[in-house]
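In my numbering, the protein residues as written are 4 to 113.
Idealized CB from N, CA, C, for every residue including glycine.
So, in structure tokens, the structure goes:
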């Protein structure tokens, strides 16, 4: 198999892969993908084959993914995103954590 996966996958946009391919980007949705693309200076319609065929661009993409995901281990992030509850019901939507997260510096693109 060549770098970049199958020929069909190489013709897909990176935004489509990160939002739909759960084998590779499980847990990434549109908002997290947008943050990563913003940090990489990539357009979401960039073909995955272009990224995989350029070693410098691929390395930049990978290192950005690593640094972006390292954010989730920061104590400041954990306090903003998980530290406060708004209701005692554990199944309710945590509006307080969402407000803290979305108004902090962790959300890059809205």
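Asked                                                                                                   : Found
Beta-carbon proximity of residue 18 to residue 47, cut-off 7 Å                                          : yes
Beta-bridge pairing of residue 48 - partner residues as DSSP gives them                                 : Answer is none; residue 48 lacks a bridge partner.
Sub-7 Å separation of residue 71 and residue 27 beta-carbons                                            : no
Residue environment, residue 95, which counts as buried when at least 16 other CB atoms sit within 10 Å : exposed
Enclosing alpha helix (DSSP H) for residue 60 [first to last residue]                                   : 58 to 73
Nearest-angstrom Cα separation, counted from residue 52 out to residue 14                               : 6 Å
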